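Position one of the sequence shown corresponds to residue 4 (our numbering), numbered consecutively onward.
Inspection log for the structure reproduced underneath, given as structure tokens.
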Amino acid sequence: MKRPIISICSLIISITGYCAVHDYTQYVNPQMGTQSSFDLSAGNTYPAIARPWGMNFWTPQTGKNGDGWQYSYDAHTICGFKQTHQPSPWINDYGCFSIMPTGNKKVSCEDGRRSWFSHKGEECNPQYYSVYLADHDVKVELTPTERAASFRFTVPDGMNYFIIDAYRNGKDIKIDNNRITGISTHNHGGVPDNFANYFVVEFDRPIEYAENMDSIAIVGFKTYRGETVNAVAASSFISPYQALLNLKEAKDKDFDNLVAEGRDAWNDVLGRIVIEDENLDNKRKFYSCLYRSTLFPRKFYEIDSSGTPVHYSPYNGKVLNGYMYTDTGVWDTFRCLFPLLNLFYPSVSLEMQEGFLNAYRESGFFPEWCSPGHRECMVGNNSASVLADAWIKGIKVSDPETLWKGLVHGANNVHPEVKSTGRIGHEYYNTLGYVPYDVDINENAARTLEYAYDDWCIYQLGKSLGKSESELEIYARRAMNYQNLFDKEYSLMRGRNADGSFAEPFSPLKWGDAFTEGNAWHYTWSVFHDPEGLKQLMGGEKRFVAMLDSVFSVPPVYDDSYYGFPIHEIREMTVMNMGNYAHGNQPIQHMIYLYDWTDQPWKTQYHVREVMDRMYSATPDGYCGDEDNGQTSAWYVFSALGFYPVTPASDQYALGSPLFRKAVLKFENGRSLILNADNNTNDTPYIAGLMVNGTDYNRNYITHGMLLDGGQIDFDMVSAPNMSKQINKDSYPYSFSCDEIK
Ligand code: CA
Numbered sequence: 004m005k006r007p008i009i010s011i012c013s014l015i016i017s018i019t020g021y022c023a024v025h026d027y028t029q030y031v032n033p034q035m036g037t038q039s040s041f042d043l044s045a046g047n048t049y050p051a052i053a054r055p056w057g058m059n060f061w062t063p064q065t066g067k068n069g070d071g072w073q074y075s076y077d078a079h080t081i082c083g084f085k086q087t088h089q090p091s092p093w094i095n096d097y098g099c100f101s102i103m104p105t106g107n108k109k110v111s112c113e114d115g116r117r118s119w120f121s122h123k124g125e126e127c128n129p130q131y132y133s134v135y136l137a138d139h140d141v142k143v144e145l146t147p148t149e150r151a152a153s154f155r156f157t158v159p160d161g162m163n164y165f166i167i168d169a170y171r172n173g174k175d176i177k178i179d180n181n182r183i184t185g186i187s188t189h190n191h192g193g194v195p196d197n198f199a200n201y202f203v204v205e206f207d208r209p210i211e212y213a214e215n216m217d218s219i220a221i222v223g224f225k226t227y228r229g230e231t232v233n234a235v236a237a238s239s240f241i242s243p244y245q246a247l248l249n250l251k252e253a254k255d256k257d258f259d260n261l262v263a264e265g266r267d268a269w270n271d272v273l274g275r276i277v278i279e280d281e282n283l284d285n286k287r288k289f290y291s292c293l294y295r296s297t298l299f300p301r302k303f304y305e306i307d308s309s310g311t312p313v314h315y316s317p318y319n320g321k322v323l324n325g326y327m328y329t330d331t332g333v334w335d336t337f338r339c340l341f342p343l344l345n346l347f348y349p350s351v352s353l354e355m356q357e358g359f360l361n362a363y364r365e366s367g368f369f370p371e372w373c374s375p376g377h378r379e380c381m382v383g384n385n386s387a388s389v390l391a392d393a394w395i396k397g398i399k400v401s402d403p404e405t406l407w408k409g410l411v412h413g414a415n416n417v418h419p420e421v422k423s424t425g426r427i428g429h430e431y432y433n434t435l436g437y438v439p440y441d442v443d444i445n446e447n448a449a450r451t452l453e454y455a456y457d458d459w460c461i462y463q464l465g466k467s468l469g470k471s472e473s474e475l476e477i478y479a480r481r482a483m484n485y486q487n488l489f490d491k492e493y494s495l496m497r498g499r500n501a502d503g504s505f506a507e508p509f510s511p512l513k514w515g516d517a518f519t520e521g522n523a524w525h526y527t528w529s530v531f532h533d534p535e536g537l538k539q540l541m542g543g544e545k546r547f548v549a550m551l552d553s554v555f556s557v558p559p560v561y562d563d564s565y566y567g568f569p570i571h572e573i574r575e576m577t578v579m580n581m582g583n584y585a586h587g588n589q590p591i592q593h594m595i596y597l598y599d600w601t602d603q604p605w606k607t608q609y610h611v612r613e614v615m616d617r618m619y620s621a622t623p624d625g626y627c628g629d630e631d632n633g634q635t636s637a638w639y640v641f642s643a644l645g646f647y648p649v650t651p652a653s654d655q656y657a658l659g660s661p662l663f664r665k666a667v668l669k670f671e672n673g674r675s676l677i678l679n680a681d682n683n684t685n686d687t688p689y690i691a692g693l694m695v696n697g698t699d700y701n702r703n704y705i706t707h708g709m710l711l712d713g714g715q716i717d718f719d720m721v722s723a724p725n726m727s728k729q730i731n732k733d734s735y736p737y738s739f740s741c742d743e744i745k
């Protein structure tokens, strides 16, 4: 297929002088979500100027060194251009350093070197960032590769200074001819004692002024106004020698060619989903969200001089062969970010999975929050979902026995130092069937619900690996443990004491306590693998629908007594005017799709459109809470396409409401699927009917296999739901208790 495309392309070149490959990066706004603060998150993102999943990201820095809010759209001044590995302001950065031109001013301190700038003097793409620094009369341009970056500074007359800042605890700064080297040891935990990021910066001319201030270097060059000074920078977690190898990604390469290379890399990733629609706002939202979905987890491996992938282990401090990916909180991203990667980027996902196996080999546990090593954060053992979903979706790691062993180990042990890795409370859970409320383990109901789903994931993986009945039975049984927390009086999940009584007092509106960053209204739905079982606990479908409806119809009231103040996630729920539905945080993000397990799927279609419309925009205040490393963005990507993986590690996607007139999904197996909705508009959220490859299709879900087979799905979209449409129970998506147990 390549040849005719190239020849058509060269024909176009001969006529027009250039090849019109579609540029999807034009729709991406890396500043989406950057107008955030400690009190209210509109995403808590920063403009990640990066290659997809690149080891090093770059960002203009408006915040002080060490401040998690490193770029705020509201800020007026910039103090550096920073190599960053930060997944979120709450987790903060590690191994960072910055470069700042200061024109004729020889001033190194953070505040002294700041310059005013305007967003009107800024250009921001995934692969290219530029800004004019007014106080220094310097235009800065930067473009990254996976592990290096190239800079072009347009400078004023006279002696021009550049500050290289290795941050707190930076050391071993050396200045030699045109090169500055040093070590950033900045970190917030999750690394062994020997952690270091070895960096190198090379200018295109010999350094004429040099001052070494231990963790800061000042260098200078004499120039004329309008002259360009070029520099390249790179780093390595392995060694100074490896940093020089990594520098080759950018060294001796033309700046504009590197920008084009970066654009191509992004277009390869973004172009896997081709949207054809007149609604430009929706296209901008879609590709901005797809960009955010393809940054994390990032590469933490490097390529040695023989071309072999090697990594510094953030787990044991050794340099070892093989892949490593880091900077993701699995509690957030198991839900739909990893399923998105498994669907569209399985070759990259395979590297990630091999990396997670390496993490287990090097530390005894799969990661739950790696930043870069195990971090104490959040709850659950949801690495089981990440690993099982990949395997079920056909992403086969080289050593499935180690995969199985690692999951079984993690389900029955807890990391000796990092209690959120493995399973804290496994002794209680394995004997009582839940983590009790009245023992010294917080957020115990959330842990129980997630462990039960994780057990189902392990069961699915074990079945696929052909494990024996006796090995599997225990996980099938524990997968039903969610039942142990259901309180019939309230029809909600509730903390439970070791003696079997429910926790007192109980407020369904209380955030935290037995739950994690949410209340019983949010967490009751954390039965990803068995919505039908949950429905039966509630007393049947009518009651189940009433409970789903209630989430939206109650006022946004809350009880914050566990925290003592309304945490930002609470505030983000209240300001959205959608009742107790809290899309700004992860626990409830799948809940809208649960109407697909009823005869009222039109309510899913109604609410997903509302969320896509009101809670996302491709603007600095574009998210309704923490974006969280691709999870909240991947929700939009899936939802805009019209389906969502409510149950990772099953092969099903619950149907929603496709947003576009046409979307073409291009899979790595070479097949394409066309999602067609000719009559679609913003006012037609409801699916009147659909056809798969020309045949009527009446289920509330589609399967992974249907997608990968390619072909065409035609949606008939309408402005009013057909509420009297008969929906057979066979149309409902997967539930463990009816599809496997009965
Ligand atoms: Ca969150």
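Just so you know, even glycine gets a beta-carbon here, dropped at the ideal spot from N, CA and C.
Remember, predicted model here, so these are calculated numbers, not experimental data.
message = Check for me: the alpha helix (DSSP H) holding I94 runs from which residue to which?
response = Working through the sequence shown from its first residue, we reach residue 94 at position 91. From DSSP, I94 is part of no alpha helix (DSSP H); its letter is neither H nor E.
query = Which parts of the segment 181–263 are runs of the beta strand (DSSP E), unbroken and 3 residues or longer, counting only runs that do not cross its ends?
reply = For the segment 181–263, the full-length beta strand (DSSP E) segments reaching 3 residues or more read 182–187, 200–206, 212–215, 219–226, 231–239 along the chain.
ask   = Around the Cβ of Y244, are there at least 16 other Cβ atoms within 10 angstroms (buried) or fewer (exposed)?
value = Stepping through the sequence shown from its first residue, residue 244 is reached at position 241. Within a 10 Å sphere around the beta-carbon of Y244 sit fewer than 16 other beta-carbons, which makes this residue exposed.
request  = Decide if the segment 267–284 is in contact with the segment 26–34; the criterion is three or more beta carbon pairs, one per stretch, under 8 Å apart.
outcome  = By the C-beta criterion, the segment 267–284 is judged to be in contact with the segment 26–34, since at least 3 inter-stretch pairs fall below 8 Å.
query = Just how far apart, CA to CA, sit V110 and T148?
reply = Taking the sequence shown and counting its residues from 1, one reaches residue 110 at position 107. Taking the sequence shown and counting its residues from 1, one reaches residue 148 at position 145. Inter-residue distance for V110 and T148 is about 29 Å (C-alpha atoms, whole angstroms).
key: P129 versus P724, E264, R116, P92, residue with shortest Cα-Cα distance   = Translated into positions along the sequence shown, residue 129 becomes position 126. Cα-wise, what sits closest to P129 is E264.
key: Anticipated Cβ contact below 8 Å, Y565 with I573, distance rounded   = To locate residue 565, count along the sequence shown from 1; it is residue 562. To locate residue 573, count along the sequence shown from 1; it is residue 570. Incorrect: roughly 11 Å between the Cβ atoms, too far for contact.
query = Cβ-heavy atom distance between Q592 and ligand 1 below 7 Å?
reply = To locate residue 592, count along the sequence shown from 1; it is residue 589. No, Cβ of Q592 sits at least 7 Å from all heavy atoms of ligand 1.
query = Roughly how many angstroms separate the alpha carbons of I18 and N270, rounded to a whole number?
reply = Residue numbering aside, residue 18 sits at position 15 when the sequence shown is read from its first letter. Residue numbering aside, residue 270 sits at position 267 when the sequence shown is read from its first letter. Legend: pLDDT at I18 = 46, less than 50; position of this residue unreliable, value from coordinates given subsequently. In this structure, the alpha-carbon of I18 lies about 24 Å from that of N270.
ask   = Any chance the segment 180–200 sits against the segment 315–322, with 3 or more Cβ pairs inside 8 Å?
value = Yes: the two stretches touch, three or more of their Cβ pairs being nearer than 8 Å.
ask   = Is I591 helix, strand or coil when you go by DSSP?
value = Along the sequence shown, read from residue 1 onward, the residue named residue 591 stands at position 588. Here DSSP, grouped into helix, strand and coil, assigns I591 to helix.
task = Within its chain, find whatever has a CB closer than 7 Å to the CB of S242; leave out the 5 residues flanking it on each side and keep chain order.
result = For the purposes of this step, residue 242 is taken as residue 239 along the sequence shown, with counting starting at 1. Within its own chain, the residues whose Cβ lies closer than 7 Å to the Cβ of S242, once the five positions on either side in sequence are excluded, are Y201, listed in chain order.
request  = Report the option in Y647, K669, N679, Y689 whose CA atom is closest to the CA atom of C339.
outcome  = As a working note, residue 339 is residue 336 in the sequence shown. Nearest of Y647, K669, N679, Y689 to C339, Cα basis: Y647.
message = Taking 7 Å as the cut-off, is the beta-carbon of N385 closer than that to any non-hydrogen atom of ligand 1?
response = Sequence index remark: in the sequence shown, residue 385 carries index 382 (1-based). No - ligand 1 has no heavy atom lying nearer than 7 Å to the Cβ of N385.
inquiry  = Given a cut-off of 8 Å on the beta-carbon distance, is the pair P90 and S374 in contact?
reply    = Here the question's residue 90 lines up with position 87 in the sequence shown. Here the question's residue 374 lines up with position 371 in the sequence shown. One thing to note: P90 has its Cβ within 8 Å of the Cβ of S374.
ask   = Going along the chain, which residues of its own chain have a beta-carbon closer than 6 Å to the beta-carbon of M726, five neighbours each way excluded?
value = Reading the sequence shown from its first residue, position 723 is the one you call residue 726. Excluding residues within five positions, none has a Cβ falling inside 6 Å.
Simplified DSSP state of T698, which is helix, strand or coil = Here residue 698 refers to the residue found at position 695 of the sequence shown. Reduced to three states, the DSSP call for T698 is strand.
Any heavy atom of ligand 1 within less than 7 Å of residue CB: hits in chain order = Chain-ordered list of matching residues: D335, E520, E572, N588, Q589, G628, D629, D631.
request  = Can you say whether K396 is buried or exposed, counting buried as having 16 or more other CB atoms within 10 angstroms of its CB?
outcome  = Mapped onto the sequence shown, residue 396 falls at position 393. Buried is the call here.
request  = Look up S738 in the DSSP assignment and say whether it is helix, strand or coil.
outcome  = Position 735 of the sequence shown, counted from the start, is the residue given in the question as residue 738. Coil, per DSSP.
query = Name the DSSP beta bridge partners of K513, please?
reply = Numbered from its first residue, the sequence shown carries residue 513 at position 510. Checking the DSSP bridge columns, you'll see K513 partnered with D562.
task = Taking 8 Å as the cut-off, decide whether the C-beta atoms of G425 and F368 are in contact.
result = In the sequence shown, counting from the first residue as 1, residue 425 sits at position 422. In the sequence shown, counting from the first residue as 1, residue 368 sits at position 365. Yes, they are a contact pair.
query = Where does D330 land, buried or exposed, given buried means 16+ other C-beta within 10 angstroms?
reply = Your numbering for residue 330 matches position 327 in the sequence shown. D330 is buried by the Cβ-count criterion.
ask   = Can you name the start and end residues of the beta strand (DSSP E) that Q715 belongs to?
value = For the purposes of this step, residue 715 is identified with residue 712 of the sequence shown, where counting begins at 1. Counting along the chain, the beta strand (DSSP E) containing Q715 begins and ends at 714–721.
query = Which one of V204, N215, T231, N181 has the shortest CA to CA distance from G161?
reply = Within the sequence shown, the letter at position 158 stands for residue 161. It is T231.
message = For N68 and F156, what's the separation of their Cα atoms in angstroms?
response = Locating residue 68 in the sequence shown gives position 65, counting from the first residue. Locating residue 156 in the sequence shown gives position 153, counting from the first residue. Taking the straight line joining both Cα atoms gives about 22 Å.
key: Residue of N683, E453, S388, V134 minimising C-alpha distance to N282   = Stepping through the sequence shown from its first residue, residue 282 is reached at position 279. Per the Cα distances, N683.
query = Below 8 Å between beta carbons: does that hold for R208 and N181?
reply = In the sequence shown, the residue the question calls residue 208 occupies position 205. In the sequence shown, the residue the question calls residue 181 occupies position 178. Taking 8 Å as the Cβ cut-off, R208 and N181 qualify as a contacting pair.
request  = Please report the Cβ distance between E379 and W334, rounded to the nearest whole angstrom; I am assuming they are in contact, meaning their Cβ atoms lie under 8 Å.
outcome  = As a position in the sequence shown, residue 379 is number 376, starting the count at 1. As a position in the sequence shown, residue 334 is number 331, starting the count at 1. Not really, about 12 Å apart at Cβ, beyond 8 Å.
ask   = With distances taken between CB atoms, is the gap from N632 to G332 smaller than 8 Å?
value = The residue labelled residue 632 in the question sits at position 629 within the sequence shown. The residue labelled residue 332 in the question sits at position 329 within the sequence shown. The answer is yes: Cβ separation under 8 Å.
key: Continuous alpha helix (DSSP H) stretch holding H314: start and end   = Mapped onto the sequence shown, residue 314 falls at position 311. Not the alpha helix (DSSP H): H314 falls in the beta strand (DSSP E), residues 312–315.
message = Count Cβ pairs between the segment 667–683 and the segment 710–725 that sit closer than 8 Å; are there 3 or more?
response = Taking 8 Å as the limit for Cβ pairs, the verdict is that the segment 710–725 does touch the segment 667–683.
request  = State the start and end residues of the unbroken alpha helix (DSSP H) segment that holds C127.
outcome  = Residue 127 sits at position 124 when you count from the first residue of the sequence shown. Segment 125–127 is the beta strand (DSSP E) holding C127; no alpha helix (DSSP H) there.
query = Alpha carbon to alpha carbon, what distance is there between H593 and M483?
reply = For this step, residue 483 is matched to residue 480 along the sequence shown. For this step, residue 593 is matched to residue 590 along the sequence shown. Their backbone Cα atoms lie some 19 Å apart in a straight line.
ask   = So G36 packs on N47, CB below 8 Å; how close in whole Å?
value = Counted from its first residue, the sequence shown places residue 36 at position 33. Counted from its first residue, the sequence shown places residue 47 at position 44. About 7 Å; that satisfies the 8 Å criterion.
task = Alpha carbon to alpha carbon, how far is R117 from K123? Give it in angstroms, no decimals.
result = What you label residue 123 is simply residue 120 of the sequence shown in a count that begins at 1. What you label residue 117 is simply residue 114 of the sequence shown in a count that begins at 1. Between K123 and R117, the C-alpha separation is close to 18 Å.
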